[in-house]
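Residues in the sequence shown are numbered consecutively from 319, following the numbering used here.
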Amino acid sequence: MALALRFARAGARVRIGSRTSERAQTAAKLAGEKAGSGAVEGFENAAAVREAGVVVLTVPPDAQVDTLQALASSFRPGAILVDATVRLQSDENSALLAAKHVPEGVRVASAFHTLSAGLVGNLEETIDSDVLICADDPEAKAAASALVRMLPGARPIDAGGLKKSRLIENTVQLLIALNRAHKVKHSGIRITGL
Ligand SMILES: NC(=O)c1ccc[n+]([C@@H]2O[C@H](COP(=O)([O-])OP(=O)(O)OC[C@H]3O[C@@H](n4cnc5c(N)ncnc54)[C@H](OP(=O)(O)O)[C@@H]3O)[C@@H](O)[C@H]2O)c1
């Protein structure tokens with residue numbers, strides 16, 4: 319919902335997916351109103367994915383594989399999946415797991431791990447953060463970078479192939495610890511020298 323809001327505010331056509339079309343439509347109505355966009359629609363997940371060239375996956379880690387398996391026949395050939403899943407209690411690489419469970423021909427990038435939903439969902443706030451992007455496919459990397467550029471103040475940084483994505487998930491653990499230690503809501507990352 320938070321990312322959908324920002325994409326809608328940036329003028330993108332957005333299809334919000336949910337396990338129920340009712341929840342999707344409610345979320346889409348709210349996002350459209352908040353973002354001042356008439357181009358946000360809500361669909362049950364499979365219908366949302368069927369028409370999308372770029373799909374952003376933001377489900378809890380335990381639901382990632384089941385969700386991708388359920389959607390396997392819905393992806394358009396050549397579609398791009400941008401996975402935002404973060405596993406905090408495991409060493410498993412969520413991006414590689416996503417790549418393993420999408421149909422052949424679907425390209426995977428990972429991004430958005432280090433942005434908190436609270437920050438992204440507040441349209442009054444500038445993001446002021448770098449977003450590390452991993453992908454093995456150049457078009458997937460470019461598509462994820464284009465999404466990041468829709469967030470005011472956010473800068474996409476190429477962090478390498480999907481194997482590197484686990485390092486970013488570990489960074490999220492660090493950011494959460496820093497938030498607690500310094501009593502802030504949304505710490506982020508800035509890479510200097512690039
Ligand atoms: N929250 C953050 O600040 C943040 C930041 C960076 C990355 N992430 C990552 O982004 C992902 C989503 O985080 P979140 O905080 O947005 O999670 P969330 O609010 O718990 O879940 C997002 C949506 O996933 C769907 N969902 C929930 N349980 C599901 C299940 N068992 N099967 C299929 N769909 C399910 C729900 O939509 P419906 O009920 O409408 O289907 C829910 O609204 C996670 O992997 C998290 O690690 C989160």
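Cβ coordinates follow ideal geometry from the N, Cα and C atoms, glycine included.
{"Asked": "Inter-residue CB distance, Arg509 and Asp448 (contact presumed, cutoff 8 angstroms)", "Found": "Before going on, a small fix: residue 509 reads as Ile here, not Arg. Going by Cβ atoms, the distance from Ile509 to Asp448 rounds to 5 angstroms, so yes, they are a contact pair."}
{"Asked": "Ser483 burial status per 10 Å Cβ neighbour count (16 or more: buried)", "Found": "buried"}
{"Asked": "Limits of the beta strand (DSSP E) - the one that Phe361 falls within", "Found": "358-362"}
{"Asked": "Arg513 to Ala349 span [Cα, whole Å]", "Found": "The first residue shown for the chain is 319 and the last is 512, placing residue 513 beyond what the model contains."}
{"Asked": "Span separating the alpha-carbon of Ala413 from that of Asp401", "Found": "6 angstroms"}
{"Asked": "Pairwise C-alpha distance: Val383 and Glu410", "Found": "12 angstroms"}
{"Asked": "Cβ of His419 within 8 angstroms of any chain B Cβ", "Found": "The structure shown has no chain B; it contains just one protein chain."}
{"Asked": "Residues bridged to Gly335 (per DSSP)", "Found": "Phe361"}
{"Asked": "Buried or exposed (CB count within 10 angstroms, at least 16 for buried), Leu496", "Found": "exposed"}
{"Asked": "The region 331-343 in contact with the region 357-372 per 3-pair CB rule at 8 angstroms", "Found": "yes"}
{"Asked": "Contact test: Val404 Cβ vs ligand 1 heavy atom, cutoff 7 angstroms", "Found": "yes"}
{"Asked": "Phe361 Cβ short of 7 angstroms to ligand 1 heavy atom set", "Found": "no"}
{"Asked": "Environment of Pro395 [buried if 16+ CB atoms lie within 10 Å]", "Found": "exposed"}
{"Asked": "Distance cut-off 7 angstroms: Pro379 Cβ against heavy atoms of ligand 1", "Found": "yes"}
{"Asked": "Contacts around Lys352, its chain only, beta-carbon distance under 7 angstroms, and the 5 residues preceding and following it disregarded", "Found": "Leu323, Leu441"}
{"Asked": "Cβ-heavy atom distance, Asp384 to ligand 1, below 7 angstroms", "Found": "yes"}
{"Asked": "heavy atom of ligand 1 below 7 angstroms from Leu469 C-beta", "Found": "no"}
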